[in-house]
Amino acid sequence: MLANLFSSYELKGKTLRNRTVVAPMVMNLCNSDGTCTERFIAYHEAKAQGGFGMIITEDFAVMPHAKGFVGVPGLWADSQVEGFKEFTDRIHRLGAVVVAQIYHCGRQTTEAISGEQPWAPSANPCPLSWEIPHEMTTEEIDEVTEAFGDCARRAEAAGFDGVELHGAHGYLLAEFTSPYSNQRTDEYGGGLENRVRFAEEVIRNVRAKVSPEFIVGYRISGDEYVSGGRTIEDTKTIVPYLEKAGIDYVHVSAGCYGALGALCPSMYTRHAWIADDAREVKQVTNLPVISVGRYNDMRIADEVLACGKADLIAFGRASLADPAAPNKARAGDFEDIITCIGCEQGCLGEIYKQEPGGCILNPFTAHEYNTPVTVRAEHPKKVMVVGAGPAGAAAAIEAAKAGHQVEVYERRKWAGGQFRLGAVPPSKGEIASFIRWQVHQLEKMGVPIHWATEVTRALVEEKRPDVVVIATGAKPIIPKTIPGIGSAHVTTAHDVLAGETLAGERNVVIGGGSVGCETANFIAASHKSVTVVEMLDDIAVDEEAPTRQDLLADMEGHRVRVLTETTVQEIKQDCVVLEGKSAGTVKADKVILAIGSTPVTALADELGDLDCRVELIGDAAQTGLAGKAIRAGFELGRSL
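My numbering applies: residue 4 is where the sequence shown begins, and numbers increase by one.
Structural data, given as structure tokens:
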């Protein structure tokens, strides 16, 4: 099974047990002074225990002001070394090779985070923060070069098998190599040989300060995907310079902060989307090449290796969704793997708020340090779970693991609730994989699921449970204040996505949040006319940045008309009357409401005086994102 992926590999004298690599991802799990934490260690231990061959950590800052996030690790001082010795010892005991990615964030930070004005090759602002950076002097370039070498020396002292220089994603090393961010006219700017000089000097400084057997890798964006940025052809010219300077492998990624969709591709992006860039780099070097980029299926990774496009495959967010994916894949248990859906909510969405990262699908991730293995209940309870959406299923799974007698009741003939509807719009089908995973877990444990069953007070009285978990979700808000809202041609986004109502030929979607926009995109993909009406000045603002960017591009391609700062005054039989910025009328034979949801709590109200514990979770307790609902179910199921 997956013979290519699970073959061993020799890297600079180190034997990797297989060719799976944990890609470096910021998680903000360290102290603000860069020192190690138990949370940081336990998070990586799960991946080592899960079977990954090599772990590349998130970026260690080489200087105090070099960090772009508050909780990244640091090795800018000797005092930080000791804490990471325990980290590397524990990872090695679990059989994984561990490499520290080291970096200077350059202009891609803020003064509030780094403590001083950001440094960069030129005084051009970061496209996210728009803070003007300080243009580095040659003396400061030398200072940073020495800092990289000293950081690598400390990494070796801490027991790491190597370091990876972060020359991708628009950070300082990348800024020097790219004409997009480097407009210098001295020996570090201008032509390619000058622009690569800083990277060469850093590599040589690192090599001089570590032992010959220490791994020194380099991560690079094959293409930056910005106008005036570095292309794959430029990268192919640069890599031989890096090889000559002394690196041991090349890790080919993509993008920068000016192209977040390439740096952290959304569910709209195909799997293994830059594998061909890795293949291009292999044509110009004899070094091992790591491919990364939307690998969420081990079978696809094996195919890429079989084609000779790369030597190793890095899994980023897929390792967040399921740290044990290698072990499960090797055993052929693909149905047991939690598949990353590319939502970016628990990872990217959290770290850019300077919070610890995680995964909405897997509440264990980044909480391993304080989430013990499920303990069997001393006094098993009879648990009735009402609703097979993400929250209800999560509660049922955890309660069953603890030995409780669990039964699930679902009024529909399918699981997933509103989460399942989220899998209907274009490019979002992977969401359904998590629903399948939850159902599979319940079936494996023998938990009965009663489909098409409406739970009433009488049924609860008949079953006599100790605990009723109400996960009945939410229903669409239908405002009564709009004239014509009750007309036959008015429906909801939920009904359209569920297939209970067909769209018209001319559709108006009221509400430009993510649900409204995705519903509009779904309808427009069938070559029907769609207009989105939104009262705010922009749409889909509740989506993560790369996902939003891809969604809006998709909507534009499907010719969805968008009217912002506009409200609906009245719904007539053949049109919608608008007021505000786009006042007037829009022809419509179908009007679709997407203006939010409200909890469904009727059953809880009915059960208030029964002699059993009643718990509301998920949208039935408070509407919100799926991750919050899944965590609520997870925690409740473990606490019964």
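Ideal placement from N, C-alpha and C gives every residue a C-beta, glycine not left out.
Opposing strand residues paired with residue i [DSSP bridges]
{"i": "Ser600", "result": "Pro479"}
{"i": "Gly165", "result": "Val102, Ile218"}
{"i": "Glu573", "result": "Val580"}
{"i": "Ile206", "result": "Ile206 is not bridged to any residue."}
{"i": "Trp122", "result": "His137"}
{"i": "Met558", "result": "None; Met558 has no bridge partner."}
{"i": "Asn510", "result": "Val533, Lys593"}
{"i": "Tyr252", "result": "Gly220"}
{"i": "Gly170", "result": "Ile223"}
{"i": "Met387", "result": "Glu410, Val471"}
Secondary structure of residue i, DSSP reduced to three states
{"i": "His497", "result": "helix"}
{"i": "Arg616", "result": "strand"}
{"i": "Thr60", "result": "coil"}
{"i": "Thr18", "result": "strand"}
{"i": "Leu176", "result": "helix"}
{"i": "Tyr46", "result": "helix"}
{"i": "Arg564", "result": "strand"}
{"i": "Phe318", "result": "strand"}
{"i": "Lys447", "result": "helix"}
{"i": "Thr288", "result": "coil"}
{"i": "Gly587", "result": "strand"}
{"i": "Gly77", "result": "strand"}
{"i": "Ser117", "result": "helix"}
{"i": "His453", "result": "strand"}
{"i": "Tyr260", "result": "helix"}
{"i": "Val25", "result": "strand"}
{"i": "Ile241", "result": "helix"}
{"i": "Ile400", "result": "helix"}
Beta-carbon proximity of residue i to residue j, cut-off 9 Å
{"i": "Thr368", "j": "Pro326", "result": "yes"}
{"i": "His492", "j": "Ala591", "result": "yes"}
{"i": "Pro549", "j": "Leu266", "result": "yes"}
{"i": "Thr522", "j": "Leu500", "result": "yes"}
{"i": "Leu19", "j": "Gly74", "result": "no"}
{"i": "Leu566", "j": "Glu537", "result": "yes"}
{"i": "Ile480", "j": "Leu596", "result": "yes"}
{"i": "Thr495", "j": "Ala605", "result": "no"}
{"i": "Lys164", "j": "Val100", "result": "Reading off the sequence, residue 164 comes out as Asp, not Lys. Taking 9 Å as the Cβ cut-off, Asp164 and Val100 qualify as a contacting pair."}
{"i": "Ala313", "j": "Ser294", "result": "yes"}
{"i": "Asp251", "j": "Leu14", "result": "yes"}
{"i": "Ala461", "j": "Val603", "result": "no"}
{"i": "Cys108", "j": "Pro121", "result": "yes"}
{"i": "Ala150", "j": "Ala69", "result": "yes"}
{"i": "His453", "j": "Glu410", "result": "yes"}
{"i": "Ile354", "j": "Asn31", "result": "yes"}
{"i": "Ile473", "j": "Ala607", "result": "yes"}
Residues near residue i by beta carbon distance below 7 Å, same chain, minus five either side
{"i": "Cys520", "result": "Val535, Ile542, Ala543, Leu554, Met558"}
{"i": "Ile488", "result": "Ile481, Pro482, Ile574"}
{"i": "Ile144", "result": "Tyr191, Phe201"}
{"i": "Ser585", "result": "Leu566, Thr569"}
{"i": "Gln348", "result": "Ile363, Glu547, Leu628, Gly630"}
Close-in-space but distant-in-sequence residues of the same chain around residue i (CB under 6 Å, 5 per side omitted)
{"i": "Ala248", "result": "Glu203, Ile206, Arg207"}
{"i": "Cys259", "result": "His172, Gly173, Glu227"}
{"i": "Val533", "result": "Asn510, Ala523, Ile526, Ala527, Val563"}
{"i": "Pro124", "result": "Glu178, Phe179, Asn185, Arg187"}
{"i": "Val518", "result": "Ala496, Ala597"}
{"i": "Ser436", "result": "Thr342"}
Beta carbon proximity, residue i to chain C, threshold 9 Å
{"i": "Val536", "result": "Checking the listed chains, one finds no chain C in this structure; it contains a single protein chain."}
Buried versus exposed, by CB contacts within 10 Å (16 or more), residue i
{"i": "His254", "result": "buried"}
{"i": "Cys39", "result": "buried"}
{"i": "Ala332", "result": "buried"}
{"i": "Cys343", "result": "buried"}
{"i": "Arg379", "result": "exposed"}
{"i": "Leu539", "result": "exposed"}
{"i": "Glu48", "result": "buried"}
{"i": "Gly636", "result": "buried"}
{"i": "Asn289", "result": "exposed"}
{"i": "Ser82", "result": "exposed"}
{"i": "His382", "result": "exposed"}
{"i": "Arg302", "result": "exposed"}
{"i": "His169", "result": "buried"}
{"i": "Trp440", "result": "buried"}
{"i": "Gln421", "result": "buried"}
{"i": "Arg273", "result": "exposed"}
Cβ shell of residue i (< 8 Å), same chain only, five flanking positions each side left out
{"i": "Arg198", "result": "Phe179, Thr180, Ser181, Pro182, Asn185, Tyr191, Gly192"}
{"i": "Ile116", "result": "Lys70, Gly71, Phe72, Val73, Gln357"}
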